[in-house]
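Asker: When we follow UniProt numbering, the leftmost residue of the sequence shown carries the number 1, and every step to the right adds one.
Heads up, the beta-carbon is just placed ideally off N, CA and C, and yes, glycines get one too.
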Amino acid sequence: MDLEAHNHSLRQTVDSLHMKMVKRSKEYEILKNYVDSLHYQLTAFQNSIERIVQECESSKTDYMQMKFDYDLQTRDFQVLVERVD
């Protein structure tokens, strides 16, 4: 194989590797964004649970009614806790 053909082959290999790297980089970014989104949702859920527990503890009653709503825009739970006498 002459030098020019060898260089051409190497350039094709480098280009192919570069394209694979770009593709993997995009896949990594998608997965990273998904993980970040899940972490954000989990944190919002944990904060909501803490608010629910505080509401329940502050009501000091054995009977209560809870209504849950999930806001898709804020990705947060809305909780209404009412005493039932």
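#1: I need the boundaries of the alpha helix (DSSP H) containing Asp-2, first residue and last residue.
#2: Using only the alpha-carbon positions, how far apart do Phe-45 and Ser-9 sit?
#3: On the three-state DSSP scale, how would you describe Leu-72?
#4: Could you name the residues that DSSP lists as bridge partners for Lys-67?
#5: Below 8 Å on the Cβ atoms is my guess for Glu-55 versus Val-81; work out the distance and round it to an integer in Å.
#6: Short of 6 Å in beta carbon distance, which residues of its chain neighbour Lys-67, apart from the five on each side in sequence? Order them along the chain.
Answerer: This is what the structure gives:
#1: Start at 1 with the first residue of the sequence shown, and residue 2 comes out as number 2. Looking at the DSSP string, Asp-2 is not in any alpha helix (DSSP H), and its letter there is neither H nor E.
#2: As a position in the sequence shown, residue 45 is number 45, starting the count at 1. As a position in the sequence shown, residue 9 is number 9, starting the count at 1. Distance between the alpha carbons of Phe-45 and Ser-9 is about 54 Å.
#3: Your numbering for residue 72 matches position 72 in the sequence shown. Note: Leu-72 maps to coil in three-state DSSP.
#4: Start at 1 with the first residue of the sequence shown, and residue 67 comes out as number 67. Its beta-bridge partners are Leu-80.
#5: Locating residue 55 in the sequence shown gives position 55, where the first residue counts as 1. Locating residue 81 in the sequence shown gives position 81, where the first residue counts as 1. Between Val-81 and Glu-55 the Cβ distance is about 4 Å, and since that is below 8 Å, they are a contact.
#6: Translated into positions along the sequence shown, residue 67 becomes position 67. So the list reads Leu-80, once near-sequence residues are dropped.
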